[in-house]
Amino acid sequence: MQRTYSFEFFPPKSPEGADKLRVVRTRLAEVKPAFFSVTFGAGGSTREGTWNTVMEIHAAGLPVAPHISCIGTTREQVAQLIDGYRAAGIRRLVALRGDPPSGAAGGAGDFRYANELVAFIRAEAGDWFHIEVAAYPEMHPQARSPDDDRANFLRKVRAGANSAITQYFYNADAYFRFCREVEAAGCTAPIVPGIMPITNFTQLARFSDNCGAEIPRWIRLKLAGFGDDKVSIRAFGLDVVTDLCERLLAAGAPGLHFYTMNQADAALALWRRLGLPK
Ligand code: FAD
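The numbering used here numbers the first residue of the sequence shown as 2 and each following residue consecutively.
Following this line, the structure appears as structure tokens:
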């Protein structure tokens with residue numbers, strides 16, 4: 002099986018951030034990932050930043066997949082964006098609904114859910130793009146039930162998604178079960194686990210509360226016990242996430258997608274510990 006290993010970035014907010022990301026990207030490119038992906042702020046808040054970051058990676062001759070989120074956007078805006086990516090020779094997209102910025106109304110725009118975006122991209126661009134969608138082994142926080150969430154995921158695949166990347170998780174069993182259940186419903190699309198390295202407990206706890214990813218109690222307690230001891234947090238985090246990735250790969254996961262937070266060290270440390278190909 003050809004596994005897919007990829008790295009995710011967010012568009013830098015300053016020229017210094019852009020310089021730093023260039024260094025990070027160059028270091029990560031050495032291990033030859035299948036692609037880099039670049040996030041997109043919902044409602045188009047990072048439209049230009051995402052576009053510029055994507056084009057820079059593409060110009061460096063590296064495979065790149067822009068994220069597109071559809072909440073708060075119009076059909077015309079999405080059509081313009083995908084036409085631009087297509088004209089530039091980009092072949093992969095990550096299609097998402099996105100979250101409205103806090104305080105903003107989420108209803109405006111032509112799309113309600115990511116399956117509508119996937120269908121729109123297919124109608125506009127045929128098979129030009131490989132389309133990735135999001136999956137939630139621990140359930141999306143707004144879903145009515147795990148069954149509903151699974152049905153929603155399957156709707157995205159039926160609309161034309163080729164593969165999926167999961168929200169990060171630390172419970173491998175939730176991923177295995179999710180994959181088994183959607184396979185039983187006829188889904189053959191590869192579902193690549195999203196991997197969040199553990200380097201900063203406060204930040205991780207905040208993200209996890211927002212996106213519904215559970216930090217198991219024993220991991221939370223251990224991390225909290227390290228206090229400000231960053232070295233111990235990183236060492237423990239590397240052990241825990243290496244074990245998780247080893248379990249996932251041993252059970253046949255079709256690759257790994259690393260949420261890098263625009264840092265190279267943690268993702269590369271995992272890469273080495275896992276003995277992934279260069
Ligand atoms: P959807 O698949 O549309 O699902 C959203 C919710 O609606 C779910 O609860 C689902 O169960 C429910 N639902 C779906 N269809 C229906 C229906 N027909 N009726 C009723 N309920 C329905 N966010 C960004 O803003 N920018 C990014 O770049 C970004 N990148 C991401 C990358 C990955 C790999 C992941 C996992 C997430 C990313 N996100 C990003 C976050 C994502 O946008 C949020 O999790 C968002 O809340 C849901 O997006 P989605 O595409 O999964 O939405």
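Note that CB positions come from ideal geometry on N, CA and C, so glycine has one too. All values reported here derive from a predicted model rather than from experimental measurement.
Margin query: By the DSSP assignment, the beta strand (DSSP E) with threonine 5 in it spans what residues?
Written below: 5-10
Notebook entry, point to check: Quick one, are the C-beta atoms of proline 12 and threonine 74 less than 8 Å apart?
Noted result: no
Note to self: If you follow the beta strand (DSSP E) that phenylalanine 259 is in, where does it begin and where does it stop?
What the structure shows: It spans 256-260 - the beta strand (DSSP E) in which phenylalanine 259 sits, taken as one unbroken run.
Next item on the list: Could you say which of Gly90, Ala214, Gly18 and Gln78 lies nearest to histidine 131 if we only look at CA atoms?
Entry: Per the Cα distances, Gly90.
Notebook entry, point to check: Roughly how many whole angstroms lie between the Cα atoms of leucine 63 and phenylalanine 37?
Noted result: Distance between the alpha carbons of leucine 63 and phenylalanine 37 is about 8 Å.
Check: Could you give the distance in angstroms between the alpha-carbon of leucine 277 and the alpha-carbon of valine 242?
Finding: 14 Å
Notebook entry, point to check: Do leucine 249 and tyrosine 176 have their CB atoms nearer than 8 Å?
Noted result: yes
Notebook entry, point to check: Measuring CA to CA, which of Glu125, Ala254 and Ala80 is closest to methionine 2?
Noted result: Scanning Glu125, Ala254 and Ala80 for the CA closest to the CA of methionine 2 turns up Ala254.
Checklist line | Closest residue to cysteine 188 among His141, Val158 and Pro194 (Cα-Cα distance) | finding: Val158
Check: Does the separation of the CB atoms of leucine 118 and isoleucine 166 fall below 8 Å?
Finding: no
Notebook entry, point to check: Does the pairing of the region 12-26 with the region 255-271 give three or more beta-carbon distances under 8 Å?
Noted result: yes
Notebook entry, point to check: In three-state DSSP terms, what is threonine 167?
Noted result: strand
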